[in-house]
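Enquirer:
2 protein chains.
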Amino acid sequence: MTASAPMPRPGVAFLLAQLGAHAAGLFAERITGLDLTPAQAGLLRMLAARPGRSQRELADDLGMPPSRFVPFADELEERGLIERRRNPADRRVYALHLTGKGETLLGELAQAGMEHERLLCEALTDEEHDRLLVLLRRMADQQGLRPDVHPGYRNLRPRPGA
Amino acid sequence: MTASAPMPRPGVAFLLAQLGAHAAGLFAERITGLDLTPAQAGLLRMLAARPGRSQRELADDLGMPPSRFVPFADELEERGLIERRRNPADRRVYALHLTGKGETLLGELAQAGMEHERLLCEALTDEEHDRLLVLLRRMADQQGLRPDVHPGYRNLRPRPGA
DNA sequence: TATTGTTATACTCTATAACTATA
DNA sequence: TATAGTTATAGAGTATAACAATA
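Which chain is which? The protein sequence lines are A and B, in order.
Following full-length UniProt numbering from start to finish, the first sequence increments by one per residue and tops out at 162.
Following full-length UniProt numbering from start to finish, the second sequence increments by one per residue and tops out at 162.
#1: May I ask you to list, following chain order, the residues of the stretch 36–61 of chain B that have a beta carbon less than 9 Å from some beta carbon of chain A?
#2: Looking only at C-alpha atoms, which of A/R146, A/L58, A/L136 and A/G33 sits nearest to A/E108?
#3: Does any C-beta atom of chain B lie closer than 8 Å to the C-beta of A/H22?
#4: Indicate whether B/L16 and A/A13 have their beta-carbon atoms separated by less than 8 Å.
#5: Are the C-beta atoms of A/E128 and some chain B residue less than 8 Å apart?
#6: Taking 6 Å as the limit between beta carbons, can you name the residues of its chain near A/L19, skipping five residues before and five after?
#7: Quick one: does B/Q18 have its CB under 8 Å from some CB of chain A?
#8: Give me the Cα-Cα distance between A/V93 and B/V134, rounded to the nearest whole angstrom.
#9: Please confirm whether A/H22 and B/Q55 have their CB atoms less than 8 Å apart.
#10: Kindly indicate the opening and closing residues of the alpha helix (DSSP H) around A/E122.
#11: Around the C-beta of A/T37, are 16 or more other C-beta atoms found within 10 angstroms, so that it is buried, or is it exposed?
#12: With 8 Å set as the bound, which would you pick, yes or no: does the beta-carbon of B/E29 sit closer than that to a beta-carbon of chain A?
#13: Nearest by alpha-carbon distance to A/T125: which of B/A123, B/R138, B/L76 and B/A110 is it?
#14: Can you list, in chain order, the residues of its chain with a C-beta nearer than 8 Å to that of A/P10? Leave out the 5 residues immediately preceding and following it.
#15: So A/L43 and A/L62 are in contact, right, with Cβ under 8 Å, and what is the actual spacing, rounded?
#16: Do B/I31 and B/A24 have their C-beta atoms within less than 8 Å of each other?
#17: Exposed or buried, which one is B/N155 when buried takes at least 16 other CB atoms within 10 Å?
#18: Assuming A/L81 contacts A/L105 under a Cβ cut-off of 8 Å, what Cβ separation, rounded to an integer in Å, is found between them?
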């Protein structure tokens, strides 16, 4: 009789954490070719969706303190991907925008994202992929997650090899 | 005419990363009451599934270098949750095992996991939950993920508030 | 000579908290 | 007095590499 405690099989929560970390690692690895980290890619996407927001707002959404956001944005500005614009009405704030170069890179990023999606979902039929999408969107919505941001952006340099 | 570039909606990969980080953060927060981090909980589960493995093997599965595993295991040993047993046949290795106290805590952990699962999947019917489980397991299997471990264990102290 | 476990150390990253300029 | 942005700094966490014991 070797009947000890029954080992519970992993549930949805564990699989989401596992697959999520796996997906994030693969994506980080993929975009090293574009010389971007996931958090940098996230900021570019956020600026495309809502241009002109303040550093404070963006830092909040990314889950990082303003003191960390400054050098984070500095690098992207030095690379000519984003630009800071003064607001004459309130000279304390910077409005952040994508440059043309930033928009171009965002296009390459979208391509990388599509290939990433394809490889990650290779085990699914097209129909299954769509059904999965529906369920995950419903969960994300009910859990109060916003479309553009996710908590993993806090980690500035995840190991690409995950 | 405000038709600029069409903003692509997030796909499965992004939602998995987002929900996965969210789920991991909620779980981390939940088990602070048991005074455990996700990585510590992961080790306890690994020892329940396969007792007696060496520190080297376990460190590899957890994605951490041996030098980091030692103080990590030290703490759990000092708290009486795991124990190191010498192997007379090869005196270099320690075989790690759960103590009775560790098994008890693992039971509380399982309960926390069930409540976590319930809240995370609140938006789904029971049937949808099961269908989601099937799809995620198939993906995890095809992507080569092992049942007990996930790459997020590398992060020793994720913000509980995620 | 190779491997397990351990320790030491240098380095990176981080949050906290000042500080400035504007409001 | 409060807020956006910035800078400084002290502390925590990490990987790398050396080391000791055993094979």
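C-beta atoms are modelled at their ideal positions from N, C-alpha and C, and glycine is treated no differently.
Expert: The structure says:
#1: Those would be P38, R45, A48 and A49, in chain order.
#2: A/G33
#3: yes
#4: no
#5: yes
#6: Excluding five sequence positions before and after A/L19, none of the CB atoms of its chain fall closer than 6 Å to its own CB.
#7: yes
#8: 49 Å
#9: no
#10: Looking at the DSSP string, A/E122 is not in any alpha helix (DSSP H), and its letter there is neither H nor E.
#11: buried
#12: no
#13: That would be B/R138, whose Cα lies nearest to the Cα of A/T125.
#14: Q18
#15: 7 Å
#16: No, Cβ-Cβ distance for B/I31 and B/A24 is not below 8 Å.
#17: Buried, since its Cβ has 16 or more Cβ neighbours within 10 Å.
#18: 6 Å
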